[in-house]
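These notes concern the structure reproduced below.
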Amino acid sequence: MIASHCSETNRTMGSIRPFTQTVSRVASYSARPMRKLRIDSMEVAGKRVFIRVDFNVPLEGGVISDDRRIKACLPTIRSVLSRGGRAVLASHLGRPEGKGFEAEYSLAPVARRLAELLGADAPFGVGFPSNNCTDPDARTAVLEMPDHGVVLLENLRFEKGEKKGDGAFAEKLAGLCDLYVNDAFGTSHRADASMYALPLAMRQRGKPCVSGFLLSAELDYLIARIAAAQRPFTAILGGAKVSDKIMAIENLLTKVDRLIIGGAMAYTFLRAQGVATGNSLVEADKVELAASILAAAKAKGKQILLPSDHSCGKEFKTGTESKDFVGAIPDGWMGLDIGPATRAQFTAAIRSSKTVVWNGPMGVFEMPPFDAGTRAIADAVVAATKLGAITIAGGGDTAAAVEQFGVAEQLSHVSTGGGASLEVLEGKKLICLDAIDDA
Ligand code: AMP
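Residue 10 is where the sequence shown starts when you use our numbering, and the numbers rise one by one after that.
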């Protein structure tokens with residue numbers, strides 16, 4: 010979905026927009042603006058540039074089923090190659106145990122796809138040395154690569170030091186390159202060795218550590234633009250569990266004008282209001298917390314919108330008998346999507362917003378007809394974008410949903426990071442940003 014092109018524009022998961030140089034990095038994301046050096050401000054000709062990417066793509070039978078994360082890093086890679094630099098790419102894939110090579114987690118399919126995507130921009134193809142990122146083969150491949158060359162190291166997590174954030178493992182990598190680039194937003198909340206100890210070790214050697222275009226765009230949308238949000242500012246939260254999103258709810262309520270809650274998590278809130286929820290998914294131990302969140306929001310004059318009608322199923326399975334209910338959900342039925350009146354109400358709130366942040370589907374979007382609510386909300390977010398709003402979607406399921414509906418390009422930004430984007434919405438600091446040089 011991100012076109013293969015060589016320009017250094019801010020092509021995010023959505024449309025191309027001019028970059029703003031200012032990226033706010035915020036300790037607990039207060040309004041302290043902070044500029045990070047970005048790859049395009051660095052001299053790279055003849056230099057070995059270590060680019061930490063997040064190529065943790067889904068594989069089905071060895072075939073990549075979604076290559077968005079690879080495409081999202083192309084502007085950074087091309088920026089290095091087109092200026093005569095040497096790109097040394099490194100990523101994790103899946104969760105190998107750190108006991109050396111495991112074929113199941115090899116980055117070989119990624120190396121092939123990357124070579125296809127780079128085409129003539131990588132005149133020497135994509136080097137993919139050895140079964141281990143630090144063995145002599147890998148080292149030789151990196152040290153002997155030509156200008157405009159690309160080497161993809163094998164899965165970093167084959168080394169147990171990667172997950173442990175081990176300094177000794179980072180030291181082995183630190184000697185390989187002249188410059189470090191973080192373009193792995195989706196991993197920036199984890200202090201893995203290549204994400205944190207490595208740039209710190211490189212800085213100690215006087216080597217620059219900068220952001221790539223993808224990281225820069227993610228921070229621009231998820232932090233800077235949210236910190237300076239145009240109002241009305243609406244957040245939409247959905248998905249399966251309240252417990253996963255409590256911190257995001259609490260943090261967003263300090264920032265937004267209204268909060269829309271859909272998905273299964275809405276039923277815990279409705280139960281807190283005394284509404285019957287039938288067999289819907291409810292977290293009984295979070296009902297009291299939901300009640301206190303509703304009360305606190307009311308006291309602060311913040312609007313929380315909950316579903317007033319529901320598309321329900323008899324069972325949680327494809328083809329189950331379905332029926333819409335207004336208000337209470339009778340026993341024997343479970344809410345699997347927001348109903349038509351709710352779709353209309355949420356749509357009106359979204360369309361009149363100037364900033365929209367969305368994390369979590371409104372229903373079981375993987376199982377028609379219970380995709381209709383999420384689809385309606387996606388359409389409303391697209392409409393808001395066309396009306397001039399900044400619209401940001403984050404979270405793996407939300408990104409998958411907008412992709413499934415074919416509208417991802419029509420939002421301002423679709424984040425490549427699930428856990429990382431949620432941590433930003435929770436107001437947490439992404440630890441790996443500390444290791445990147447300020448501009
Ligand atoms: P999360 O990972 O918390 O964002 O949750 C995403 C998942 O929530 C998706 O797989 C949806 O199918 C699921 N989901 C959304 N609404 C419902 C619902 N009403 N009942 C059960 N699951 C739901």
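All residues carry an ideal CB built from backbone N, CA and C; glycine is no exception.
Is residue i near the ligand AMP, judged by its Cβ being under 8 Å from some heavy atom?
i      : result
Thr407 : yes
Ser452 : Residue 452 cannot be examined here, being either before or after the span of the chain that is shown, 10 to 448.
Met376 : yes
Asp75  : no
Val284 : no
Phe325 : yes
Asn260 : no
Met371 : yes
Ser88  : no
Met256 : no
Leu345 : yes
Asp253 : yes
Gly287 : no
Tyr276 : yes
Ala273 : yes
Gly426 : no
What separation, rounded to the nearest whole angstrom, lies between the Cα atoms of residue i and residue j?
i      : j      : result
Phe137 : Glu163 : 7 Å
Arg360 : Gly174 : 44 Å
Val72  : Pro118 : 7 Å
His157 : Ile60  : 14 Å
Ala112 : Asn65  : 15 Å
Gln413 : Ser430 : 20 Å
Val62  : Lys56  : 18 Å
Thr383 : Pro370 : 6 Å
Asp49  : Gly93  : 13 Å
Arg280 : Lys326 : 23 Å
Lys295 : Val366 : 24 Å
Asp187 : Lys437 : 31 Å
Ala389 : Glu418 : 14 Å
Ser39  : Ala236 : Low confidence applies to Ser39: its pLDDT is 35, below 50, so where it sits in the model is not reliable enough to give any reading.
Asn141 : Leu246 : 41 Å
Asp447 : Gly397 : 31 Å
Gly109 : Pro145 : 15 Å
Lys395 : Leu290 : 35 Å
Ser139 : Leu116 : 11 Å
Gly428 : Phe278 : 23 Å
Leu165 : Glu171 : 6 Å
Arg178 : Glu106 : According to the sequence displayed, residue 178 carries Phe and not Arg. Approximately 16 Å, taken between the alpha carbons.
Give the DSSP-derived three-state secondary structure of residue i in the structure shown.
i      : result
Gly328 : coil
Cys441 : helix
Val366 : strand
Thr143 : coil
Leu207 : helix
Ser320 : strand
Gly344 : strand
Glu432 : helix
Asp76  : coil
Lys45  : strand
Gly287 : coil
Pro27  : At Pro27 the pLDDT is 29, less than 50, meaning the model places this residue with poor confidence; the figure from the coordinates comes in the next sentence. Three-state DSSP puts Pro27 in coil, outside helix and strand.
Gln312 : strand
Asp63  : coil
Ala273 : coil
May I ask you to check if the CB of residue i is nearer than 8 Å to at least one heavy atom of the ligand HEM?
i      : result
Gly134 : No copy of the ligand HEM occurs in the structure displayed; its ligands are the ligand AMP alone.
Should the stretch 205-222 be regarded as contacting the stretch 241-259, the criterion being three or more beta carbon pairs within less than 8 Å? no
Closer than 8 Å is the cut-off here; do at least three beta carbon pairs connect the stretch 191-205 with the stretch 434-445? Yes: at least three Cβ pairs fall under 8 Å.
contact_flag[the stretch 373-383, the stretch 257-264] where n(CB pairs < 8 Å) is 3 or more: The answer is no - the stretch 257-264 does not touch the stretch 373-383, with fewer than three Cβ pairs under 8 Å.
With three or more C-beta pairs closer than 8 Å as the rule, is the stretch 398-407 touching the stretch 418-426? yes
Can you confirm whether the stretch 308-328 touches the stretch 266-279 when touching is taken to mean that 3 or more C-beta pairs between the two stretches lie within less than 8 Å? yes
Kindly confirm or deny that the stretch 122-136 and the stretch 100-112 touch, where touching means at least three C-beta pairs closer than 8 Å. No: the two stretches stay apart, fewer than three of their Cβ pairs being nearer than 8 Å.
Within 8 Å, do at least three Cβ pairs link the stretch 219-232 to the stretch 341-350? no
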